[in-house]
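**Q** Protein chains in written order, with my numbering: chain W, 2 to 298; chain H, 20 to 276. Provided herewith is a single structure, encoded as structure tokens, for subsequent inquiry.
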Amino acid sequence: MLVLFSLNLGVCILNRLPLKNRSLGSFLAHISVLIILLGALIGIIFGQKAFLKISETEEVNSFFFHGKNIPLGFSIRLNDFIYNENIDAKEKLLVYQHAKLEKDVYDLGSEQAIMQSQGFLAQVPVHMGIEQAIGNTGYKIKAVRYVADFVMDTSTKNVFSRSAEPNNPALQVELKDPKGKVKSAWLFARFPDMHQEISADLQIKYNWAPRRPKDFISKVTILKDGKEILSRDIQVNEPLNFAGYNFFQSSYDTQDLSWSGLQIVKDPGVPLIYAGFILLIVGLVMIFYVGPLMENK
Amino acid sequence: MSSTYLNLSFGAYFLAMVFYAGNLFFKNKILPLAARFFIACSIFGLSIYVGLRWQIALRPPLSNMFESLVVFAWAIAIFLIFVDLKYKIKVINALTALLGLLALGYASLLDKEIAPLMPALRSNWLTLHVLTCFIGYAALTVAFVSSLITLFKKGQDHNLDEMSHKIIAFGFLFLTLGIISGSVWANSAWGSYWGWDPKETWSLITWVIYAIYLHARLKRGWKGKKAAWLSVIGFMAMIFTYFGVSFLLSGLHSYTQ
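Below you can see the structure in the form of structure tokens.
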């Protein structure tokens, strides 16, 4: 259909030759559409596009395209994949007096209930690594580590995150009492009553809110004949261009952050398409503004 | 951040609309002047609001439905003042002010929280892409109003027809710039200049309808009501591109939530 459209448009443009000064804008605007379509056709015929799933430390020197294995002529290694999240403004620590009756603790489920309760003392926004005062209690608190999917190795007692999915968000905090004694504990968003007793005076509830991705960055190195040529970060809006190939940050998996999805693109039609874009803009400006201006003179 | 400037602008927009509407029924020299004064106040207030939001968010405030509606209302107000000074067609002024006010009213119902920009939107192309699109949208909205009036008016009105044509030409140019900047941006972010994403497809449909309008006018001599129908259809497609696609179809442009 696009081919028929192009033929039709082409004949229409030819019909109007030879050009008068007046119709130059119109000529440019219409031929630009043909140029854009030609660029797209060249991209379809000669372009290459492939999705590359690459694991950390893995080195790749070819990719599959239309069932064929195409060598890159160099290799690309993923050194590290970095995933960061924004802490939502709603994420905070709610501090209230240590309830005398165990029953009260269970009643204080929601953020609302806590903030309306008698024992409510203060709320502290979550800022990693920054010591913050808890109201005027004399206590200070610092968030030191966050894991989205808390797991503890039972033998070594090491804490790690099973994935980046917030299955069990937990925050490690350090509480400094008015005398300067520091105690560390993990707070669990999903299990408010499960934390270790952190203080005889205070109860702290970790009010978690969904975090949004901030960055996802693939740190890569290009190698040729075993020699490292260049190292770069690839992220959305910042692709890597090497030897005619563009590498784009395309996807990742919050369940497993050890691999990164890159899009490999080689599209020789793009310069033509951009040229078409420029001609289209110039043509339209000439039709609507330069032409009438000249006629008025 | 505080919504003071937004609310003040909303008030000024409302007063401008009331004075423009009043001007339809009463002959008074003060009414159009008051309307212009208030719409200018509104443009000023919205500019300050957008500027402050830009400063606080450390990024251009053009990333979700709320922010885009504010820019939309702002662009409509600028067009309104221009069209008012140039053509002085009372009913167009009143209806355009009403549409701008609706956009701003809808915006005020939405979540105004400043959210961090998702990685895909962190690019200088964002400003160019969104601004060109919304300047185009605002122009085509004014053209829709003038076409609507053409349809309801008895007989031909050459002045009105010329106005619609000029504004559509301007809107079409900016719609083109919007689509092209989006395409170049997509290519630099994902390596694909066109992906038949619902928003892309519908923007192309809108673009084609207005291209038909321009050709029908030039080559077939469609004027007055015939052309006005095309403009109305084009506006429907534009509105669907803006709202319909965002809420009904998901894709690369699902930033509204």
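Just so you know, even glycine gets a beta-carbon here, dropped at the ideal spot from N, CA and C.
Rounding to the nearest angstrom, what Cα-Cα distance links residue 251 of chain H and residue 114 of chain H in this structure?
**A** In a straight line, the C-alpha of residue 251 of chain H is about 15 Å away from that of residue 114 of chain H.
**Q** Under a Cβ-count criterion, where at least 16 other Cβ atoms within 10 Å of its own Cβ denotes burial, should residue 247 of chain H be classed as buried or exposed?
**A** By the 10 Å Cβ count, residue 247 of chain H comes out buried.
**Q** Distance, Cα to Cα, residue 74 of chain W vs residue 220 of chain H?
**A** Straight-line Cα distance between these residues: approximately 37 Å.
**Q** Am I right that residue 127 of chain W and residue 172 of chain W are in contact with their C-beta atoms under 8 Å? What's the rounded C-beta distance?
**A** Their Cβ separation, rounded to whole angstroms, is 7 Å, which keeps residue 127 of chain W and residue 172 of chain W in contact under 8 Å.
**Q** For chain H, check one thing: does any of its Cβ atoms lie closer than 9 Å to the Cβ of residue 268 of chain W?
**A** It does: the Cβ of residue 268 of chain W has a partner Cβ on chain H nearer than 9 Å.
**Q** Between which residues of its own chain and residue 224 of chain W is the CB-CB distance below 8 Å, once the five residues before and five after are set aside?
**A** Excluding residues within five positions, the ones whose Cβ falls inside 8 Å are 60, 75, 76, 77, 78, 230.
**Q** Only counting the same chain, and skipping five residues up and downstream in sequence, which positions put a Cβ closer than 8 Å to that of residue 224 of chain H?
**A** Answer for residue 224 of chain H: 256, 260, listed in chain order.
**Q** Three-state secondary structure (DSSP) at residue 33 of chain H?
**A** Helix, per DSSP.
**Q** Whole-angstrom Cβ separation of residue 39 of chain W and residue 287 of chain W, contact assumed at under 8 Å?
**A** In fact, because the Cβ distance is near 21 Å, the residues do not count as touching under 8 Å.
**Q** Would you please verify whether the beta carbon of residue 206 of chain H is less than 9 Å from any beta carbon of chain W?
**A** So, interface residue.
**Q** Looking at chain W, is there any beta carbon in it that lies within less than 9 Å of the beta carbon of residue 209 of chain H?
**A** Closer than 9 Å: yes.
**Q** Any chance you could list the alpha helix (DSSP H) runs of at least 4 consecutive residues sitting entirely within the segment 198-270 of chain H, in chain order?
**A** Counting whole runs of 4 or more residues, the segment 198-270 of chain H contains the alpha helix (DSSP H) stretches 217-238, 243-258, 264-267.
**Q** Using DSSP with H/G/I as helix, E/B as strand and the rest coil, what is residue 77 of chain W?
**A** Note: residue 77 of chain W maps to strand in three-state DSSP.
**Q** If you check the beta carbons only, do residue 249 of chain W and residue 266 of chain W fall under 9 Å apart?
**A** Yes, the pair counts as a contact, with Cβ atoms nearer than the cut-off.
**Q** List, in order along the chain, the chain H residues whose C-beta lies closer than 7 Å to that of residue 264 of chain W?
**A** 209, 210, listed in chain order.
**Q** Contact criterion: CB-CB distance below 9 Å. Does residue 217 of chain W meet it with respect to chain H?
**A** Yes - at least one Cβ of chain H is within 9 Å of the one on residue 217 of chain W.
**Q** Please state the DSSP three-state secondary structure of residue 210 of chain W.
**A** Residue 210 of chain W falls in the coil class under three-state DSSP.
**Q** With C-beta atoms as the reference, is residue 218 of chain W less than 9 Å away from residue 97 of chain W?
**A** Contact: no.
**Q** Please classify residue 107 of chain H: is it buried, with 16 or more other beta-carbons within 10 angstroms of its beta-carbon, or exposed?
**A** Residue 107 of chain H comes out exposed.
**Q** Quick one: complete alpha helix (DSSP H) runs, 4+ long, within the segment 127-156 of chain H?
**A** Counting only runs of 4 or more, we get nothing.
**Q** Rounded to whole angstroms, what is the Cα-Cα separation between residue 115 of chain W and residue 130 of chain W?
**A** Taking the straight line joining both Cα atoms gives about 25 Å.
**Q** Going by C-alpha to C-alpha distance, which of H:132, H:42, H:209, H:233 sits closest to residue 262 of chain W?
**A** Nearest option by C-alpha distance: H:209.
**Q** So which of H:90, H:215, H:92, H:141 has the shortest CA-CA distance to residue 268 of chain H?
**A** If we check each option's Cα against that of residue 268 of chain H, H:215 comes out closest.
**Q** Using a Cβ-Cβ cut-off of less than 9 Å, give me the residues of the segment 232-265 of chain W that come near chain H, in sequence order.
**A** Cβ contacts with chain H: 236, 237, 238, 239, 240, 247, 248, 249, 250, 251, 264, 265.
**Q** Counting only beta-carbon separations shorter than 9 Å, does residue 41 of chain W have a partner in chain H?
**A** Output row for residue 41 of chain W: interface = yes.
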